[in-house]
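Asks: Residue numbers (numbering that gives the first Met the number 0), protein chains in the order written: chain B, 0 to 336; chain G, 0 to 334; chain F, 0 to 527.
Note that beta-carbon positions come from the ideal geometry of N, C-alpha and C, so glycine has one too.
Keep in mind that this is a model prediction, so the values were computed, not measured.
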Amino acid sequence: MTTATATSHNELSKALGYIGVWIKKIPPVYFFLILVFLAGGILDQVLADGQIFKNPLIMQNIVVRSVALGIVAVGQSLVIIGASIDLSVAYTISITAVMSSYIMQGDPAKVPTAIIAVFIIGAAIGIVNGVAITKLKVNPFIATLGTSLIIKGIINATFSNYTGSVPKSFEYFGYGTIGPIPVSIIILFLTVTVGWVLLARTKFGAHLYGVGGNAEVARLSGVRTDRVLIGAHIICSMTAVLAGLFLVSQMRSGAPWVGPNGVYDLNSIATTVIGGTALSGGKGGVWSTLGGVLIFGVLETLFNQLGVNPYLKTVFQGAIIVMAVASYTIRSKKEAA
Amino acid sequence: MTTTTVSPTNQFSKALGKIWTWIKRVPPVYPVFLVIFITLGIINPTKYQSITGIMAFLRTASPLAVLAIGEMLVLASGGFDLSIGSIVTLVVLVSSKLLANDPANAYPAILIMLGIGVIIGLLNGLIVSYLKVPSFITTLGMMLLVKGSALYYVGGAPQGYLTDNWRAFGRNYFENVPVLGRVPYALIILIVLSIITYIVFNRTNYGKQILMIGDNVRASQLSGVKVRLVRIITFVICAVFAIIGGVMTGGYGGVNVTIGEGYEMQAIAAGVVGGVILGGGKGSVPNAIFGAFTLQAIVNLLNLLGLPKPYTDAVQGLIIIGAVAYVGLTSQRKK
Amino acid sequence: MVNVAEETIINTAEAIQPTVEVQHISKRFPGVVALDDVSLQFYPGEIHAVVGENGAGKSTLMKIMSGAYTPDAGTIYLGGEKVSFSHPREAQLKGVSIIYQEFNLLPERTVAHNIFLGREPSNLGALDTRRMNKQAIVVLKELGVEKMISPTAQVSSLSVAEQQLVEIAKAISFKAKVLIMDEPTAALTYTEVNLLNDLVGRLKQRGMSVIFISHRLKEVFDIADKITVMKDGKLIKTVNKKDVAPAEVVFWMVGRTLDHYFPPLGTPEDFGEVVLKVKDASNQILKGISFELRKGEVLGVAGLQGSGRTELAQALFGVVPFKSGTMELHGKAIAIKSPSRAIRHKIGFVTEDRKSEGIASRQPIRDNMLLTVRAVRFLFGLILKDGTPSSRRLVPMLGKQVDIRTDSFDREVQYLSGGNQQKVVLAKWLASDADVFIFDEPTRGIDVESKASIHDMIRDLTKKGIAVLMISSELPEIIGMSDRILVMADRQLAGELPAQSREQEIMLMATGHSKDDAAESPAAAGVN
């Protein structure tokens with residue numbers, strides 16, 4: 000072997016090595032996403048003559064469909080990393096949609112008031128969740144379930160149908176574009192980025208991983224575990240509020256069933272787990288959750304375009320959630336609970 | 000120990016002390032239930048201080064209690080079953096179609112539903128045991144699957160009514176019972192199921208192994224426990240109980256699309272109020288039953304106070320949090 | 000082996016101020032006096048061992064000194080200054096660090112994150128990961144382990160010994176003047192213990208005051224300068240190591256002489272026919288394992304960490320079964336593919352980590368004891384009111400057999416001491432009627448008196464004709480208990496040694512040398 004070929008061999012393997020390192024960094028869920036895409040493409044060819052993916056707007060459709068779930072899933076991921084959970088996000092979205100629409104009454108001048116109001120409500124919900132879990136020591140499952148019932152009650156007591164309306168200016172959130180890119184997608188990516196920065200680049204994030212990994216160890220190290228967890232819950236509720244604002248700007252008027260209809264509570268949990276974040280806490284991230292959300296988005300779009308019966312859609316959703324998680328867990332040696 | 004003359008006051012305070020330790024050992028769910036039920040009795044004596052009224056209460060509370068027992072078994076084994084609410088929906092909707100408005104189909108329909116329940120339980124158990132998917136996710140997926148299937152099968156709306164003989168289990172009474180007057184079928188079903196479950200849970204190898212698995216799976220495995228088998232059986236029991244609870248619920252309330260919505264959360268809350276630890280290792284059949292009774296009593300109390308339904312949900316949420324916090328804090332102090 | 004330098008240090012220590020001093024410390028918990036008027040001084044450049052039975056108060060004292068508990072009475076002085084801590088972090092900041100037996104680490108996070116948890120270098124809340132990693136390297140360098148451990152390594156990927164080093168690095172990063180270690184060598188193997196001792200020696204030379212709790216008297220005598228004995232919450236004595244013998248220390252600890260450390264070994268009449276015969280067995284981890292186990296004997300298994308001892312036990316018990324080779328039990332060829340199969344073949348496995356593998360801590364003692372019995376019976380078989388499938392007296396009988404100290408068998412196991420918990424595990428296997436017992440570290444983290452008790456029980460088992468395979472990292476235990484010794488190295492069987500072999504012989508074989516090397520090496524001529 001001449002030296003010339005030897006060096007080019009060397010360079011090639013070096014390059015492959017770098018690529019390998021980079022590939023390992025991509026959360027596995029994205030490979031699953033590619034698989035889903037391929038499967039979708041096949042279904043498309045078979046059932047719809049390839050019409051679906053030929054449509055240039057389809058990709059955009061997929062991502063836009065994922066915005067609401069994606070935003071709230073970021074918050075849910077934070078909470079799950081802290082070894083907690085938030086079942087109240089669906090109704091938080093509902094109350095946001097209804098209250099904001101009610102306050103706005105179609106008047107652009109009222110928009111800032113509405114936004115501030117709902118964010119305050121969101122923060123309050125987050126605080127109540129956090130305090131119940133940390134100070135009253137109620138199991139997060141039960142605490143956030145209880146909160147969701149309270150919110151549900153308040154909503155149903157005051158509103159029963161579409162309420163108020165959203166001014167055209169606010170619809171910008173749901174329908175506007177900056178250049179070719181919809182505003183909503185930008186907001187989604189901003190949210191994920193902020194979530195990532197919080198987790199990976201702040202003290203808060205480092206402490207959150209600690210609290211979720213082993214709260215006692217964190218406490219002994221001087222981490223204010225209660226505050227960190229309450230903070231995570233506040234952030235989660237705020238993402239639910241943001242998602243609610245997006246939805247109401249799309250729907251043009253808020254309705255009480257928005258949250259539960261979209262199954263945002265269970266779906267945000269499922270996409271987090273599918274993304275690879277464990278329910279036990281202490282590890283995971285938000286980019287991986289986004290992968291899970293996009294998988295759901297692809298499936299939603301596909302089912303809608305194929306005209307699948309909405310009830311069957313639910314059936315598939317259930318099956319897919321289980322299969323997606325199974326693809327991770329099947330390899331583990333430990334018994335599940 | 001030196002002997003001292005025991006004065007009367009000494010004996011009295013000793014006795015008080017003994018009673019107090021005994022009181023502390025009573026699971027919190029019973030005093031909570033009593034307080035709420037007595038309040039109900041004060042506000043509406045005709046309904047809640049009479050035997051007929053109590054029997055009526057028990058008729059409405061029994062379905063949730065049946066669900067709570069099954070769910071408690073799964074919780075004690077360290078898992079969750081979130082599919083039982085949609086199983087109730089399935090029972091009611093599918094039966095409405097299966098019955099085809101013909102009473103002769105009632106018993107076969109029920110048998111079919113029980114069979115479906117076994118299948119659902121098996122699926123849950125197999126997925127958790129062999130695919131290693133956590134039960135939270137498995138039963139969540141199953142919930143969507145079952146709900147979607149039910150709605151698909153009936154095309155989104157009930158396809159008929161539930162015949163009287165089918166509804167008897169949840170609605171009818173045994174008449175002319177000495178002392179008690181009318182006893183609901185539902186209560187008898189509950190009593191029979193609870194006795195069987197009590198024996199199985201407290202007096203069989205299987206029951207003890209449920210708790211062991213919930214406490215320490217690895218140690219159980221290494222001690223020869225057939226973890227997978229025990230788990231699968233537990234999920235099957237839970238699903239079958241959900242079917243039975245569904246028949247009782249449909250019997251009492253008739254058919255409607257949103258029936259069963261949120262039932263699994265209530266069953267879990269009933270278990271937790273009854274002292275189950277979410278994570279496994281602790282459970283009790285009577286406590287779970289009274290947890291369910293407590294939740295039902297709360298709903299009734301709120302209705303009685305004239306709270307419109309939406310507020311009922313809200314207050315129910317508050318009370319669930321409060322009850323669980325109370326249970327959690329008292330058990331901490333015991334340590 | 001005392002050198003002049005050591006002596007000098009101890010002498011000068013008495014002339015200078017103690018790094019930390021506790022005076023008249025008392026602490027009560029509901030129903031028990033944990034500490035009763037304890038006063039003690041710890042000096043810089045000194046390694047001070049605190050020994051005593053379970054319940055003697057050692058852990059409580061250490062927890063008070065490190066800020067985890069507050070004393071009911073008494074004062075703590077640091078460098079002559081009175082201090083009081085309301086949180087462990089305060090003690091850490093003042094230079095008192097404690098390392099618990101179960102490390103306070105986050106397995107999913109990096110070394111650097113673990114070291115700086117709670118005080119991460121940051122700019123206005125934004126994490127400065129680069130600075131954190133750099134600072135971590137500085138600390139690791141001080142310990143001399145920067146080449147072994149990278150600040151970005153995930154803690155779960157490190158070995159137990161490496162994790163302990165991370166804990167020590169944490170302490171160094173707090174500029175600790177006092178380092179308290181609870182059973183530091185409990186989870187380490189021979190070579191790792193030596194490395195730790197070297198490290199501790201270096202820390203001592205830097206002037207640190209090192210305090211450690213240990214049940215392993217051999218290690219205490221290997222490395223400590225001073226020994227403090229505690230009993231029933233009181234300070235019994237503090238002595239210089241060189242002034243006492245182990246037997247005296249044991250006497251002070253238990254208040255009486257223990258007749259023997261180990262029961263006498265078996266004699267040839269005790270050993271019966273071959274019960275278990277393994278030939279050329281392998282699985283994905285082990286290679287070519289062949290040995291025989293006879294009725295009535297204790298076959299010790301020694302080896303370094305990673306040599307495959309626990310994996311051998313797991314293979315024999317069906318947790319990670321053998322994939323090739325043969326296994327004969329009582330002359331019949333068998334294949335054990337699962338724990339329940341092993342139990343049906345009457346093999347019992349007392350695991351290494353009783354907390355995670357041996358007991359269900361929130362369940363009653365009774366249920367734990369009966370687990371194996373119940374597991375192999377018919378699932379829906381009824382049990383009696385006291386929980387037993389058949390005999391009412393099974394549980395009390397078992398309790399007596401293993402000498403459990405408890406007022407009720409309905410108590411949850413988590414409330415028992417470590418020694419008693421191990422006895423519950425033992426009872427569980429006795430109940431299963433096993434005639435082959437595998438022990439993996441049977442007396443790890445257990446106090447001296449319970450240790451002796453368990454050793455007696457193991458020997459009693461063999462007297463009843465049970466065959467025992469005993470894995471241990473404690474060489475004195477191997478030498479004291481084994482009728483024959485198997486040595487593992489590199490996931491294979493390195494060889495077999497007779498009873499009463501010497502430490503050097505065992506170690507040489509474990510590190511890959513042959514028996515003949517042992518005979519020839521000058522080390523073999525050294526003291527045991």
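Given a cut-off of 8 Å, decide if L66 of chain G and F240 of chain G are closer than it, judged by their beta-carbon atoms.
Replies: Yes. Within cutoff.
Asks: How long is the line joining the alpha carbons of H8 of chain B and L15 of chain B, rounded to whole angstroms?
Replies: In a straight line, the C-alpha of H8 of chain B is about 11 Å away from that of L15 of chain B.
Asks: Is the CB of Y208 of chain B under 8 Å away from at least one CB in chain F?
Replies: Yes, Y208 of chain B lies at the interface with chain F (some Cβ there is under 8 Å from its Cβ).
Asks: Check each residue of the stretch 108–135 of chain F: if its Cβ is closer than 8 Å to any Cβ of chain B, include it; give the result in chain order.
Replies: Hits within the stretch, in order: R108, H112, L116, G117, R118, E119, S121, G124, A125, L126, T128.
Asks: Going by Cα to Cα distance, which pick from G:P62, G:I243, G:G40, G:T51 is closest to Y106 of chain G?
Replies: Closest option to Y106 of chain G, Cα to Cα, is G:I243.
Asks: Which chain B residues are close to G155 of chain G, counting only those with a beta carbon under 8 Å from its beta carbon?
Replies: Under the 8 Å cutoff, chain B gives Y310.
Asks: Rounding to the nearest angstrom, what Cα-Cα distance links W211 of chain B and V193 of chain B in this structure?
Replies: The question names Trp, but residue 211 of chain B is Gly in the sequence shown. Rounded to the nearest angstrom, the two C-alpha atoms are 20 Å apart.
Asks: Return the chain-ordered list of same chain residues with a C-beta closer than 8 Å to the C-beta of V526 of chain F, the five sequence neighbours on each side being excluded.
Replies: Low confidence applies to V526 of chain F: its pLDDT is 32, below 50, so where it sits in the model is not reliable enough to give any reading.
Asks: Would you decide whether Q420 of chain F is buried or exposed? Buried here means 16 or more other CB atoms lie within 10 Å of its CB.
Replies: Buried is the call here.
Asks: Where does D106 of chain B fall in DSSP's three states?
Replies: D106 of chain B falls in the coil class under three-state DSSP.
Asks: I want to verify the contact list: residues of chain F whose CB lies under 8 Å from the CB of T203 of chain G, in sequence order.
Replies: Within chain F, the residues near T203 of chain G are L378, F379, G380, L381, I382.
Asks: Can you pull the chain G neighbours of S96 of chain F, defined as C-beta to C-beta under 8 Å?
Replies: Those do not exist, as S96 of chain F stays about 28 Å from chain G at its closest Cβ, beyond 8 Å.
Asks: Would you identify the three-state DSSP class for G290 of chain B, choosing helix, strand or coil?
Replies: Three-state DSSP puts G290 of chain B in a helix.
Asks: What residues match up with Y76 of chain F in a beta bridge as DSSP calls it?
Replies: DSSP lists F:E20, F:K81 as partners of Y76 of chain F.
Asks: From P320 of chain F to T137 of chain G, what does the alpha carbon distance come to, in whole angstroms?
Replies: The straight-line gap from Cα to Cα measures roughly 29 Å.
Asks: Shorter than 8 Å from the beta carbon of L164 of chain F to some beta carbon of chain B?
Replies: No, because no Cβ of chain B sits closer than 8 Å to the Cβ of L164 of chain F.
Asks: I'd like the ranges of any alpha helix (DSSP H) spanning at least 4 consecutive residues and lying wholly in the stretch 184–268 of chain F.
Replies: Runs found: 189–204, 216–222, 245–253.
Asks: Contact between the stretch 19–35 of chain B and the stretch 292–299 of chain B: three or more CB pairs below 8 Å?
Replies: Result yes; three or more Cβ-Cβ pairs closer than 8 Å.
Asks: Would you check if the stretch 227–244 of chain F and the stretch 54–70 of chain F touch, i.e. whether three or more CB-CB distances between them fall below 8 Å?
Replies: Yes: at least three Cβ pairs fall under 8 Å.
Asks: When you compare only the Cα positions, how much space is there between I318 of chain G and A231 of chain B?
Replies: Taking the straight line joining both Cα atoms gives about 24 Å.
Asks: So that I know if they touch, is there some Cβ in chain G lying closer than 8 Å to that of E247 of chain F?
Replies: Judged by the 8 Å Cβ criterion, E247 of chain F is not in contact with chain G.
Asks: Taking M326 of chain F as the reference, which of F:A280, F:G317, F:A488 has the closest Cα?
Replies: It is F:A280.
Asks: Measure the C-alpha to C-alpha separation of I190 of chain G and K225 of chain G and round it to an integer number of angstroms.
Replies: For I190 of chain G and K225 of chain G, the distance between alpha carbons rounds to 30 Å.
Asks: Grab the span of the alpha helix (DSSP H) containing S134 of chain G for me, first residue to last.
Replies: First-last of the alpha helix (DSSP H) with S134 of chain G: 134–153.
Asks: Since G317 of chain F and A332 of chain F are thought to touch, with beta carbons under 8 Å apart, how far apart are those beta carbons, to the nearest angstrom?
Replies: So it is not a contact: roughly 15 Å between Cβ atoms.
Asks: Once DSSP output is grouped into helix, strand and coil, what is the label at M480 of chain F?
Replies: Looking at M480 of chain F - three-state DSSP - the assignment turns out to be helix.
Asks: Using a Cβ-Cβ cut-off of less than 9 Å, list which residues of the stretch 187–218 of chain F approach chain B; keep chain order.
Replies: Within the stretch 187–218 of chain F, no residue qualifies.
Asks: Who does Y172 of chain G pair with in a DSSP beta bridge?
Replies: Y172 of chain G is bridged to G:P183.
Asks: Check this for me: beta carbons of G223 of chain G and A374 of chain F, under 8 Å apart or not?
Replies: In this structure, A374 of chain F lies closer than 8 Å to G223 of chain G by Cβ.
Asks: Going by DSSP in three states, F140 of chain B sits in which element: helix, strand or coil?
Replies: If DSSP states are grouped into helix, strand and coil, F140 of chain B belongs with the helices.
Asks: From the DSSP output, in three-state form, read off F245 of chain B for me.
Replies: F245 of chain B: helix per DSSP, three-state reduction.
Asks: Note down, in chain order, each residue of its chain lying with its Cβ closer than 8 Å to the Cβ of L198 of chain B, except the 5 sequence neighbours on either side.
Replies: Cβ within range, chain order: L77, I80, G204, L207, Y208, G284, V285.
Asks: Are the C-beta atoms of L277 of chain G and some chain F residue less than 8 Å apart?
Replies: Answer no: the Cβ-Cβ gap between L277 of chain G and chain F never drops below 8 Å.
Asks: Less than 8 Å between CB atoms is the rule here; does I320 of chain G satisfy it with respect to chain B?
Replies: Yes, because at least one Cβ of chain B sits closer than 8 Å to the Cβ of I320 of chain G.
Asks: Starting from G163 of chain B, trace the beta strand (DSSP E) both ways and give me its first and last residue.
Replies: Segment: none, G163 of chain B is in no beta strand (DSSP E) and carries neither H nor E.
Asks: Can you check whether the C-beta of L285 of chain F is within less than 8 Å of a C-beta belonging to chain B?
Replies: Not an interface residue.
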